[in-house]
Amino acid sequence: MLLSIQDLKVAFRMGERGAKILAPAVKGVSFDIPENSTVALVGESGSGKSVTAMSVLNLLPDNAQRTGKILYHGKDLLQASLPELQALRGREIACVFQDPMSSLNPVFTVGQQLAEPLMRHLGMSKRQAIERAEALLGEVGIPEPKRRLAAYPHEMSGGQQQRVMIAMALSCEPKLLIADEPTTALDVTIQRQILELIARMKDKFRMSVLFISHDLGVVGEIADHVVVMRHGIVREQGPVAQIFSAPQDAYTKALLACRPSLTDTPARLTVIDEHIAGSTGTDTGIVTAKPKDPHAPVVLQVKSLAKSFFLREGLFGKREFRAVRDVNFQLRKGYTLGVVGESGSGKTTMGLTLLRLHEPTGGEVIFDGKNLLTLSDAERQLMRRRIQIVFQNPYASLNPRFTIGQTLVEPMTIHGIGANQADREARAHALLAKVGLDPSTFGKYPHEFSGGQRQRVAIARCLTLDPEVLVLDEAVSALDVSVQAQVLNLLRDLQDELGLSYVFISHDLAVVRFISDEVLVMKDGEVVEQASAAEILAAPKQEYTRRLLGAVPRGWRPDA
């Protein structure tokens, strides 16, 4: 057995100056990782997955207390000294983290960061390490690896940064790779490439993988053994075929049930607590969504929208980069337009240009008979009330110094909504209830809430201005499956109640199938296919669309 975790318990000392108030995060977890195998840790945010994995090499904060045993080749790592752990880190056991941009050092080149573990652990000279670094970049599929050695992390895409992280982790040919949510928030084609890369490197180096994820679709394709966690305990574990074909625990069944489907469109998605309680929120598992009015008025019409960026080239020259080219669509009242494509396809740039958060270089955006792209600043301020945006990252889009109440009241004050402060606060309380948040939320700060709760606050903030159109830019992409289901159900309910129209930007085709009426597929700034959601997913006309669909993780299948 390569690694055996036995009755692991992790608690964090809370309070000032290390007060002895213990908050348990992992409560007696046990599982084994055999040699040359992939074990997946699965569960929602806060289930203890990452704390369990980071305990192996003690990559936890100083206020963590660990008990139990973590046996690596029979040696208990909980008793290992810091020099012993440092000798293991990167050499025997390596890690790939969720966010490569915060894991890679921004002031060192990719080549320098790849060479460091090779010189430290393998005793290579600088020249040998650089040559090996170039070979590693080639192995993980980075184009022009020699040139990329001199690049800094910010000069690479998210998928390329994640490949660099994997190359660093594999540089010393470790026996165990810990991959902590390595594909979350990546588009489906990059996600597919990363999964295939990890599987290929596992076979090449005959290493084991501890793969952490909240997405059972991903886990079903890569794992040999699955460990399902919730609230710091193991709810169920077993071979991947058993977990997917005959799950025993209600929580495992709920995780499998609440993922959106590429083939069915239920009226509501199942939420984990509802499923465990025996209620799906609908009478049957598959219910047709509420039909839309085909004669609903057009609220937004986009004609030949274009956006270019001009990059400096040489001393005086500049080069045009056309990020969005000739985009056309209509959006009716109460409808949702899904926009899909790979990273760099122009989805987000198109959405920001609609709102003039990027200044367009061409085209028209007709709203209420007026072209939004030619309005004066005063006219645009009035129109901005009616078209709002929800950003991908709720951690960055809320002011950490404002309470939730201040966050909701401020836009109403700016736009003169409400007779007085008391009226605005009452309206804010009503909106918090509408998005499913407790009244006590009003006086709290963003850091006191989970990602899903913050995203609900962001949606409530948009609703303070009575908008008619919401642009949702990857608004659920970083949320775990149950929170994602709650937010998607909320968006569907608000649309039915208020007649909102959505431009829903996402790389997740299953989510787009659930929420969208029509879909735009974008590639290199252009719309390559446009049709109803059912038509696009059932019979895509373009090879690019078929490739996007083919990259979607389908989970474990008996014929796989």
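Residues 225 to 784 (my numbering) make up the sequence shown, in order. Ideal Cβ positions, reconstructed from N, Cα and C, are used throughout, including at glycine. Here the structure is a predicted model, which is why all the values come from computation and not from measurement.
Have a look at E583 and E355 and give me their C-alpha separation to the nearest angstrom.
By one-based count along the sequence shown, residue 583 stands at place 359. By one-based count along the sequence shown, residue 355 stands at place 131. Cα to Cα, the separation comes out at about 44 Å.
Assign D697 to one of two classes, buried (16 or more other C-beta atoms within 10 Å of its C-beta) or exposed (fewer than that).
As a first step, residue 697 is located in the sequence shown; it is residue number 473 there, counting from the start. D697 should be labelled buried.
Can you look up T585 in the DSSP assignment and give me helix, strand or coil?
Numbered from 1 along the sequence shown, position 361 holds the residue referred to as residue 585. Three-state result, T585: coil.
Helix or strand or just coil, what does DSSP make of I613?
Within the sequence shown, the letter at position 389 stands for residue 613. The answer is strand: DSSP assigns I613 an E or B state.
By Cβ distance, which residues of its chain are closer than 6 Å to R416, with the 5 residues on each side in sequence left out?
Along the sequence shown, read from residue 1 onward, the residue named residue 416 stands at position 192. A775, listed in sequence order.
Starting from Q466, trace the beta strand (DSSP E) in both directions and tell me its first and last residue.
As a first step, residue 466 is located in the sequence shown; it is residue number 242 there, counting from the start. Here Q466 belongs to no beta strand (DSSP E); instead the alpha helix (DSSP H) covers V464 to S469.
Count Cβ pairs between the stretch 591-607 and the stretch 533-541 that sit closer than 8 Å; are there 3 or more?
no
Given this structure, state the Cα-to-Cα distance separating A650 from E692, to the nearest angstrom.
The sequence position of residue 650 within the sequence shown is 426, counting from 1. The sequence position of residue 692 within the sequence shown is 468, counting from 1. Straight-line Cα distance between these residues: approximately 21 Å.
For E566, does the three-state DSSP call read helix, strand or coil?
Sequence index remark: in the sequence shown, residue 566 carries index 342 (1-based). Coil.
Just to confirm the assignment, what range does the alpha helix (DSSP H) spanning E759 have?
Indexing the sequence shown from 1 puts residue 759 at position 535. First-last of the alpha helix (DSSP H) with E759: A757 to A762.
So, using beta-carbon positions, are L714 and I739 closer together than 8 Å?
For the purposes of this step, residue 714 is identified with residue 490 of the sequence shown, where counting begins at 1. For the purposes of this step, residue 739 is identified with residue 515 of the sequence shown, where counting begins at 1. Taking 8 Å as the Cβ cut-off, L714 and I739 do not qualify as a contacting pair.
Are the beta-carbon atoms of T585 and S528 separated by less than 8 Å?
Within the sequence shown, numbered from 1, the residue matching residue 585 stands at position 361. Within the sequence shown, numbered from 1, the residue matching residue 528 stands at position 304. Their beta carbons are not under 8 Å apart, which means T585 does not touch S528 by this criterion.
For G575, the three-state DSSP class (helix, strand or coil):
Stepping through the sequence shown from its first residue, residue 575 is reached at position 351. The answer is helix: DSSP assigns G575 an H, G or I state.
For the candidate residues R344, S279 and L302, whose alpha-carbon lies nearest to that of R315?
Locating residue 315 in the sequence shown gives position 91, where the first residue counts as 1. Nearest C-alpha to R315: R344.
Cα-Cα, which of A374, S381 and V364 is closest to V331?
In the sequence shown, the residue the question calls residue 331 occupies position 107. Closest by alpha carbon: A374.
Could you give the first and the last residue of the continuous beta strand (DSSP E) run that contains K399?
The residue labelled residue 399 in the question sits at position 175 within the sequence shown. Where K399 is concerned, there is no enclosing beta strand (DSSP E), given that its DSSP letter is neither H nor E.
Alpha-carbon spacing of R771 relative to T413, whole angstroms:
As a first step, residue 771 is located in the sequence shown; it is residue number 547 there, counting from the start. As a first step, residue 413 is located in the sequence shown; it is residue number 189 there, counting from the start. In a straight line, the C-alpha of R771 is about 8 Å away from that of T413.
DSSP state of A288 mapped onto helix, strand, coil:
Taking the sequence shown and counting its residues from 1, the one referred to as residue 288 is at position 64. Strand at A288.
Would you kindly work out how many angstroms separate the C-alpha atoms of T504 and Q472, rounded to a whole number?
Mapped onto the sequence shown, residue 504 falls at position 280. Mapped onto the sequence shown, residue 472 falls at position 248. Legend: pLDDT at T504 = 48, less than 50; position of this residue unreliable, no value from coordinates given.
In the DSSP assignment, what are the bridge partners of I257?
Here residue 257 corresponds to residue number 33 of the sequence shown, with the count starting at 1. BP columns for I257 point to L227.
Going by other Cβ atoms of all chains shown within 10 Å of its Cβ, with 16 needed for buried, is L581 buried or exposed?
Position 357 of the sequence shown, counted from the start, is the residue given in the question as residue 581. Label assigned to L581: exposed.
Of the choices A646, E379 and N617, whose alpha-carbon is the least far from that of Q630?
Counted from its first residue, the sequence shown places residue 630 at position 406. Of the listed residues, the one whose Cα sits closest to Q630 is A646.
Excluding the five sequence neighbours on either side, which residues of its own chain have a C-beta within less than 7 Å of the C-beta of E405, listed in chain order?
Position 181 of the sequence shown, counted from the first residue, corresponds to residue 405. Closer than 7 Å at Cβ, skipping near neighbours: Q322, I436 and S437.
Quick check on the DSSP output: the alpha helix (DSSP H) that includes D427 runs from which residue to which?
Position 203 of the sequence shown, counted from the start, is the residue given in the question as residue 427. It spans V412 to F429 - the alpha helix (DSSP H) in which D427 sits, taken as one unbroken run.
Reduced DSSP secondary structure (H/G/I, E/B, other) of L599:
Taking the first residue of the sequence shown as position 1, residue 599 is located at position 375. It is coil, neither helix nor strand.
Just the Cα atoms here: how many angstroms apart are K765 and E753?
Here the question's residue 765 lines up with position 541 in the sequence shown. Here the question's residue 753 lines up with position 529 in the sequence shown. Straight-line Cα distance between these residues: approximately 7 Å.
Proximity winner among I457, I446, G456 and H455, relative to P463 (alpha-carbon distances)
Translated into positions along the sequence shown, residue 463 becomes position 239. That would be I446, whose Cα lies nearest to the Cα of P463.
Tell me whether V563 counts as near the ligand GDP, meaning its Cβ is closer than 7 Å to at least one heavy atom of that ligand.
For the ligand GDP, the structure offers nothing, since it holds no ligand at all.
Check K557 in the structure and name its three-state DSSP category.
The count along the sequence shown starts at 1 and reaches residue 557 at position 333. Here K557 sits in coil by DSSP.
Cα-Cα separation, K542 to K571
Counting from 1 along the sequence shown, the entry for residue 542 is found at position 318. Counting from 1 along the sequence shown, the entry for residue 571 is found at position 347. C-alpha separation (whole angstroms): 24 Å.
Kindly indicate the opening and closing residues of the alpha helix (DSSP H) around Q710.
Taking the first residue of the sequence shown as 1, we reach residue 710 at position 486. Start and end: V705 to L722.
Taking contact to mean at least 3 C-beta pairs separated by less than 8 Å, is the stretch 387-395 in contact with the stretch 421-433?
yes
Please return the same chain residues whose Cβ sits closer than 8 Å to the Cβ of L773, not counting the five positions on each side in sequence.
Residue mapping note: residue 773 aligns to position 549 of the sequence shown, counting from 1. Cβ within range, chain order: L486, L733, L761 and P764.
Just curious, the alpha helix (DSSP H) that I366 is in, first and last residue?
One-based indexing of the sequence shown puts residue 366 at position 142. Taken as a continuous stretch (DSSP letters only), I366 belongs to no alpha helix (DSSP H), as it is neither H nor E.
Among the residues of its own chain, which have a CB less than 6 Å from the CB of V511, if the five just before and after it don't count?
For the purposes of this step, residue 511 is identified with residue 287 of the sequence shown, where counting begins at 1. Bear in mind that the predicted position of V511 carries a pLDDT of just 45, short of 50, making it unreliable; the figure below should be weighed with that in mind. Only P490 and A491 meet the Cβ criterion.
Mind reading off the beta-carbon distance from T688 to L655? Whole number of angstroms is fine, and I expect it under 8 Å.
Within the sequence shown, the letter at position 464 stands for residue 688. Within the sequence shown, the letter at position 431 stands for residue 655. The Cβ separation is near 6 Å, so the contact holds.
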